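Trainee: Quick note: the sequence shown uses my numbering, first residue 376, plus one each step.
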Amino acid sequence: MIIFYSRNRTEQYVSLFKAAYGNEPPVEGINSWHDCFEGKLSLFFEANLPSPPLYKEWLLNNITKRQFIPYVLDSAYNKKNLEGATNVDALLLNPANGFAVIIEAKVLSDISYQITYDAMRNQIVRSIDVMLQKNNTLCDPLDKRDPERTLFLMITPKLFKDNPTSRLYGYKFKEYKNNPSFLAQDLPHRKDCNWQNIAKRLGWLSWEDFRNVNKDCCKWLE
């Protein structure tokens with residue numbers, strides 16, 4: 376929030392995102408980080424992104440492969456919608472070019488590792504799934520987000536970034552980043568995806584990284 380309203384917003388974002396993703400944005404059609412962050416940006420908290428229809432259809436046909444508790448399976452009977460919208464912690468959007476960042480922010484908590492009807496759908500892969508889905512029916516400017524120009528960013532304390540095995544998200548992030556075939560495994564309803572490119576669109580920063588580029592950020596760290 377502090378950086379979003381900073382007079383040096385673009386330069387501060389550029390510095391952070393170069394650290395997380397490299398010198399150039401890992402998206403097609405945008406050649407520089409400055410192009411990502413210049414102009415009128417929108418910032419949303421707890422944005423509701425609809426569950427991908429492809430996933431919901433797949434889950435209806437494969438629920439017994441993803442859940443085994445009898446009463447849960449019974450409760451799914453005749454239900455058409457087995458997953459609700461995903462509330463992402465924050466979403467940064469440039470409506471002019473469709474560039475966006477879906478943010479998962481943690482302090483002490485870990486990611487969730489399941490939903491009611493899918494015992495293997497963790498919070499990171501759920502966010503990546505909605506990241507890859509176009510949302511034409513959402514209100515302006517959320518309908519301007521381009522899935523091919525959307526990044527996933529995890530923000531955690533430096534302690535857990537330096538010690539990733541202390542949290543489930545550390546295992547899953549490294550797994551998806553370093554071996555994109557695990558993305559395909561955890562998103563079985565998505566076919567013909569460029570998993571290598573999607574893996575490049577995953578980034579991890581610490582709260583301390585934000586404080587290093589803007590001393591007014593994260594006062595709770597003092």
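Just so it is clear, CB atoms sit at the ideal spot from N, CA and C, and this is done for glycine as well. Computed from a predicted model, the values in this text were never measured in an experiment.
Could you pull the DSSP bridge partners for M529 from this structure?
Mentor: M529 is bridged to E479 and W579.
Trainee: Along the alpha helix (DSSP H) that carries A394, what are the first and last residues, could you check?
Mentor: Unbroken alpha helix (DSSP H) run through A394: R384 to Y396.
Trainee: Measure from the alpha carbon of N554 to the alpha carbon of each residue in I573, Y488, L434 and V588, then state which is nearest.
Mentor: I573
Trainee: Taking the beta carbon of T439 as the centre, do at least 16 other beta carbons fall within 10 Å, making it buried, or is it exposed?
Mentor: T439 should be labelled exposed.
Trainee: How is the beta strand (DSSP E) around D464 delimited, first residue to last?
Mentor: Unbroken beta strand (DSSP E) run through D464: T461 to N469.
Trainee: Under three-state DSSP, which class holds E421?
Mentor: Strand, per DSSP.
Trainee: Counting C-beta neighbours from all protein chains within 10 Å, is the total for L526 16 or more, i.e. buried, or is it exposed?
Mentor: With 16 or more other Cβ atoms inside 10 Å of its own Cβ, L526 counts as buried.
Trainee: Looking at the secondary structure, which residues open and close the alpha helix (DSSP H) in which S487 lies?
Mentor: Where S487 is concerned, there is no enclosing alpha helix (DSSP H), given that its DSSP letter is neither H nor E.
Trainee: Checking 8 Å against the spacing of the C-beta atoms, do D410 and N472 come in under that value?
Mentor: yes
Trainee: Going straight from the alpha carbon of K552 to that of N456, what length do you get?
Mentor: 30 Å
Trainee: Closest by CA to R441, which one among I378, H564 and F392?
Mentor: Of the residues I378, H564 and F392, the one whose Cα lies closest to the Cα of R441 is H564.
Trainee: In its own chain, which residues sit with a C-beta less than 6 Å from the C-beta of K575, not counting the 5 before and 5 after it?
Mentor: P401
Trainee: What residue does the alpha helix (DSSP H) around H564 start on, and which one ends it?
Mentor: That residue, H564, is in no alpha helix (DSSP H); it is neither H nor E in DSSP.
Trainee: Would you list the one or two residues that DSSP bridges to F474?
Mentor: Bridge partners of F474: N469.
Trainee: Which value, in whole angstroms, describes the spacing of the CA atoms of G545 and Q560?
Mentor: 18 Å
Trainee: Residues in its own chain within less than 7 Å of S541 by CB, not counting five upstream and five downstream?
Mentor: F535
Trainee: Thinking C-alpha only, which one of M376, N436, L468 and N587 is nearest K454?
Mentor: N436
Trainee: Assign K590 to one of two classes, buried (16 or more other C-beta atoms within 10 Å of its C-beta) or exposed (fewer than that).
Mentor: Exposed, since its Cβ has fewer than 16 Cβ neighbours within 10 Å.
Trainee: From this set, F379, A395 and Y492, which residue's C-alpha is nearest E413's C-alpha?
Mentor: F379
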